[in-house]
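Protein chains: 2
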Amino acid sequence: MSDYPVTAQTRLRRMPERGQYDQATVHAILDAGTVAHVGVLIDGAPVVIPTAYWRVGEDVLVHAARATRFARALRSGQRASLTVTLLDGWVLARSGFNHSVNYRSVMLFAVPEEVEDAESKNRLLDALIERIVPGRAALVRPATAKELAATAVFRLPLAEVSAKLRSGPPKDDEADLDWPVWAGVIPLALTAAAAQPDPRQSAGLPGRPPL
Amino acid sequence: MSDYPVTAQTRLRRMPERGQYDQATVHAILDAGTVAHVGVLIDGAPVVIPTAYWRVGEDVLVHAARATRFARALRSGQRASLTVTLLDGWVLARSGFNHSVNYRSVMLFAVPEEVEDAESKNRLLDALIERIVPGRAALVRPATAKELAATAVFRLPLAEVSAKLRSGPPKDDEADLDWPVWAGVIPLALTAAAAQPDPRQSAGLPGRPPL
Ligand SMILES: Cc1cc2nc3c(=O)[nH]c(=O)nc-3n(C[C@H](O)[C@H](O)[C@H](O)COP(=O)(O)OP(=O)(O)OC[C@H]3O[C@@H](n4cnc5c(N)ncnc54)[C@H](O)[C@@H]3O)c2cc1C
Ligand SMILES: Cc1cc2nc3c(=O)[nH]c(=O)nc-3n(C[C@H](O)[C@H](O)[C@H](O)COP(=O)(O)OP(=O)(O)OC[C@H]3O[C@@H](n4cnc5c(N)ncnc54)[C@H](O)[C@@H]3O)c2cc1C
Ligand code: HEM
Ligand code: HEM
């Protein structure tokens, strides 16, 4: 797979050895993530909005109610920034200074494009449902024309995008290696627990998540 | 405990019933979170930067290398936005439209203030270490004057701040309750696995995390 171009905006200046620009890495982080944080300008100041997102090909998608502040900011024609972060662990070094975090993150910049026609919105929103529980989109009560009209969907093309990753044990100064404190990593991961059925349903319905 | 004022900036317009402004809720979300997403203006456009953070009293703190773009943006005198998001579950409804996420989030707005003196920076950075493994700050190799000089610490006061929360089962339309698809919640949580010791250390050192 190919690489995304490194632009003035996406070139890592701090710890550039942690940067990656290949499609496979960027896609893998986006597909493993759950929530994105979108930066938009509102009254000239940045606002960071947490939101569900999904990827279809070379587009990252987000959705909102048509008439919200969030949707208005996304259709304003201004550049937005979208970041997805996976926290993989606390890195405990011998010195305070060398403590760190293991992570995988993607940052992208784009002018969001609104998806206007109901058919495309429907298909894209189905992909959001499929991402969470594969096979579920065909089982749920389909969206009505009114619901689709109330929903705004935006695509942010993967063009100006970078990934940054840290993994592995602490990187201590040589002189600190004998300092008498435990050093290592506390691994962290987002994990799912057993699904909790809504009590108001009959037994044995299809679409139950595997866990 | 008291409430934060509801300002033009922090008043929830969408789903205001999910908003909370009391100190206890805001503190609890901040103390349970791990990573913040900070929105800053760079060349007039918003950039969303993932970062470690911590809370001391009525300040949220972040740190960075003194000379980075991130640090320069934080000391620019412009308003920043900081968001902490806890993902608690996928909410699977009978209709696609009523699918949702269970979450707890805090959004705050502030002009960051740089902490200048080395003694305060040292004390505050110790609080970051303590938040991750209580008792660890006293065990690690202390920060040197050079390390503290290379580190920028910023406080964002808790003044313009809101929390927003969703919990519980799907909220389906009455007419959909008999739609033949499983409905409920997939609970999600960030969990720690067994600590991985750096191989380059002798056995039995203090400061090992409990797990
Ligand atoms: C979980 C986590 C915790 C972190 N904690 C801290 C912290 O406490 N303090 C701290 O200073 N930094 C922290 N970072 C790193 C932080 O996100 C920035 O990478 C760093 O602060 C440098 O920012 P900058 O804008 O000065 O970087 P620059 O290198 O100047 O940024 C230039 C370009 O590099 C790319 N880039 C920069 N950062 C990232 C990223 N994280 N992911 C993808 N692309 C990126 C973007 O395209 C950006 O426009 C953390 C990162 C993660 C994921
Ligand atoms: C995990 C998660 C996933 C989400 N997924 C989506 C999604 O896919 N689509 C979608 O439209 N929305 C989603 N939201 C809600 C989203 O964060 C916004 O609340 C919503 O989009 C309305 O934004 P707005 O700027 O139009 O709100 P407004 O109500 O106009 O915002 C006004 C003020 O309310 C407060 N506020 C707004 N949102 C939050 C928040 N999340 N936390 C704390 N304070 C807040 C802030 O002070 C803000 O300045 C999600 C939230 C979370 C936490
Ligand atoms: C548990 C405590 C700490 C954690 C979790 C932590 C985490 C981090 C992370 C994730 C980064 C970003 C690295 C990257 O860009 O990939 C960072 C950068 C940095 N941290 Fe910390 N840190 C901690 C304690 C400290 C302390 C105590 C100091 C100073 C005494 C410090 C000084 C710095 C500096 C100077 C940078 C910038 C590095 C650079 O860009 O070159 N940190 N920290
Ligand atoms: C698994 C799939 C989905 C997930 C995880 C999801 C998640 C969310 C979340 C978290 C919100 C924000 C709620 C809040 O502010 O607290 C939201 C809002 C919204 N969603 Fe979805 N959604 C999904 C599918 C859909 C579909 C299929 C549609 C349309 C057919 C839709 C339409 C909307 C609309 C219109 C809003 C705005 C609600 C409002 O602000 O009044 N969503 N969604």
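Chains as they are written, first to last, in our numbering: chain E, 1 to 211; chain F, 1001 to 1211. Don't be surprised by glycine CBs; every beta carbon is placed ideally from N, CA and C. Because the structure is a prediction, the values reported are computed rather than measured.
Which residues mark the beginning and the end of the alpha helix (DSSP H) in which residue i is found?
i, result
"F/E1130", "A1118 to I1132"
"E/F70", "R69 to L74"
Would you report the Cα separation of residue i and residue j, rounded to the nearest angstrom?
i, j, result
"E/E130", "E/P142", "13 Å"
"F/E1174", "F/G1184", "15 Å"
"F/F1154", "F/D1022", "24 Å"
"F/V1038", "E/A110", "18 Å"
"F/L1041", "F/S1081", "10 Å"
"F/E1058", "F/Q1196", "34 Å"
"E/H27", "F/P1016", "35 Å"
"E/V47", "E/A159", "22 Å"
"F/P1206", "F/L1030", "28 Å"
"E/V140", "F/T1034", "34 Å"
"E/A192", "E/E147", "29 Å"
"E/R55", "F/L1188", "21 Å"
"E/D172", "F/R1208", "16 Å"
"E/R75", "F/V1106", "24 Å"
"F/V1091", "E/D126", "15 Å"
"E/A194", "E/R104", "26 Å"
"F/R1072", "E/D198", "49 Å"
"F/L1211", "E/K164", "28 Å"
"E/V261", "E/A65", "With chain E running from 1 to 211 in the structure shown, residue 261 of chain E is simply not present."
"F/A1032", "F/L1086", "8 Å"
"F/D1117", "F/T1068", "19 Å"
"F/R1018", "E/P5", "41 Å"
"F/A1045", "E/I49", "15 Å"
"E/G168", "F/R1011", "42 Å"
"E/R123", "F/N1122", "53 Å"
Going by C-alpha to C-alpha distance, which of the options sits closest to residue i?
i, options, result
"E/T151", "E/A189, E/G89, E/T85 and E/V62", "E/V62"
"E/A24", "E/S162, E/L74 and E/A138", "E/S162"
"F/R1166", "F/R1123, F/N1102, F/A1032 and F/E1114", "F/N1102"
"F/A968", "F/G1168, F/P1157 and F/S1120", "What the structure shows of chain F is the stretch from 1001 to 1211, and residue 968 of chain F is not part of that stretch, so it cannot be assessed."
"F/L1190", "E/G89, E/I49, E/S76 and E/D43", "E/G89"
"E/A149", "E/K164, E/E114 and E/P170", "E/E114"
"F/S1177", "E/R200, E/M107, E/A194 and E/A193", "Here the sequence assigns Leu to residue 1177 of chain F, which means Ser is not the residue at that position. Selected option, being the one with the closest Cα: E/R200."
"F/T1007", "F/G1204, F/S1202, F/P1169 and F/L1108", "F/L1108"
"E/G204", "F/G1204, F/P1209, F/F1097 and F/W1182", "F/W1182"
"F/D1043", "E/S100, E/R79 and E/G33", "E/R79"
"E/T51", "E/F70, E/P180 and E/G135", "E/F70"
"F/V1133", "E/T85, E/H99 and E/R136", "E/H99"
"F/R1094", "E/R136, E/P5 and E/P170", "E/R136"
"F/P1112", "F/P1170, F/S1202 and F/L1156", "F/L1156"
"E/G96", "F/A1138, F/W1179, F/L1086 and F/V1084", "F/A1138"
"F/L1128", "F/L1012, F/V1060 and F/Q1009", "F/V1060"
"F/P1180", "E/S202, E/P169 and E/P170", "E/S202"
"F/D1003", "F/L1124, F/Q1020 and F/Q1009", "F/Q1020"
Based on the DSSP output, what are the partners of residue i in its beta bridges?
i, result
"E/I186", "E/W90"
"E/T144", "Note: E/T144 sits in no beta bridge, so no partner."
"F/L1061", "F/W1054 and F/R1155"
"F/T1213", "Since the first residue of chain F shown is 1001 and the last is 1211, residue 1213 of chain F is not available in this structure."
"F/R1166", "F/Y1103"
"E/S213", "There is no way to answer for residue 213 of chain E, as the model of chain E reaches only from 1 to 211."
"F/S1081", "F/G1039 and F/F1109"
"E/A192", "F/L1188"
"E/V181", "DSSP lists no partner for E/V181."
"E/A45", "E/I42"
"E/G204", "DSSP, once it has assigned bridges, lists no residue as partnering E/G204."
"F/D1003", "F/D1022"
"F/F1160", "Here the sequence assigns Glu to residue 1160 of chain F, which means Phe is not the residue at that position. Paired residue(s): F/F1109."
"F/P1199", "F/P1199 is not bridged to any residue."
"E/E114", "E/F154"
Mind checking which residues open and close the beta strand (DSSP E) that includes residue i?
i, result
"E/V26", "E/V26 -> not in any beta strand (DSSP E); alpha helix (DSSP H) instead, spanning Q23 to A32."
"E/N102", "S100 to A110"
"E/L211", "Run containing E/L211: none; DSSP gives neither H nor E here."
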